[in-house]
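Student: Structure in structure tokens, see below.
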Amino acid sequence: MGIFVEKYDPTIEDSYRKQVEVDGQQCMLEILDTAGTEQFTAMRDLYMKNGQGFVLVYSITAQSTFNDLQDLREQILRVKDTDDVPMVLVGNKCDLEDERVVGKDLGRSLASQFNCAFMETSAKAKINVNDIFYDLVQQINKKSPERKPNKKKKSLCVLL
């Protein structure tokens with residue numbers, strides 16, 4: 511994490527590891543960027559089943575990416591068989607304000623409907639990127655508090 515890929519290929523799935531400290535606790539995140547791989551729904555279902563938290567990302571410059579979020583969330587809830595899943599809704603590319611087609615209020619409204627956190631980011635300008643993961647880890651920790659202090663916690667975070 512921390513490297514911006516100028517030529518992003520949304521057909522390629524990628525994984526990353528990131529160590530973060532949240533509330534004084536070291537956490538190793540295993541981050542899977544599924545890049546919206548609709549053609550591999552069986553694999554995506556498996557990732558959803560195993561994921562502890564989810565970051566739903568859309569581009570503020572592409573309405574279609576925003577429009578896909580409702581179905582994606584419903585799929586996560588169906589696969590997880592619960593309506594309480596740690597989740598953050600993220601509008602990416604906030605550095606491209608002049609190209610914005612999805613208003614911030616729409617993002618806030620959808621996050622409220624989803625009952626999840628919302629933030630806008632820029633991976634390129636490194637705006638709020640770490641905050642996404644801190645927020646998600648805090649949600650995961652609230653849902654399943656660590657029983658043993660000073661233990662490194664491992665969380666699987668899925669970027670969709």
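Numbered continuously in our numbering, the sequence shown closes out at residue 670. The C-beta atom is built at its ideal place from N, Cα and C for all residues, glycine as well.
(1) In this structure, does DSSP put D519 in helix, strand or coil?
(2) With DSSP as the reference, label D578 as helix, strand or coil.
(3) Do the stretch 609-620 and the stretch 640-647 meet, that is, are 3 or more Cβ pairs less than 8 Å apart?
(4) Is G534 helix, strand or coil when you go by DSSP?
(5) Tell me which residues share the same chain as D645 and place their Cβ nearer than 6 Å to its Cβ, disregarding the 5 neighbours each side in the sequence.
(6) Based on Cα-Cα distance, which residue from D605, D594, V532, R554 lies nearest to N625?
Tutor: Taking the coordinates as given:
(1) In this prediction, D519 has a pLDDT of 49, which is less than 50 and means its spatial position is unreliable; nothing more can be read from the coordinates.
(2) Three-state DSSP puts D578 in coil, outside helix and strand.
(3) Contact annotation: the stretch 609-620 does not touch the stretch 640-647, with fewer than three C-beta pairs closer than 8 Å.
(4) Coil, per DSSP.
(5) Excluding five sequence positions before and after D645, the CB atoms of its chain that fall closer than 6 Å to its own CB belong to V598, A627, given in chain order.
(6) Nearest of D605, D594, V532, R554 to N625, Cα basis: D594.
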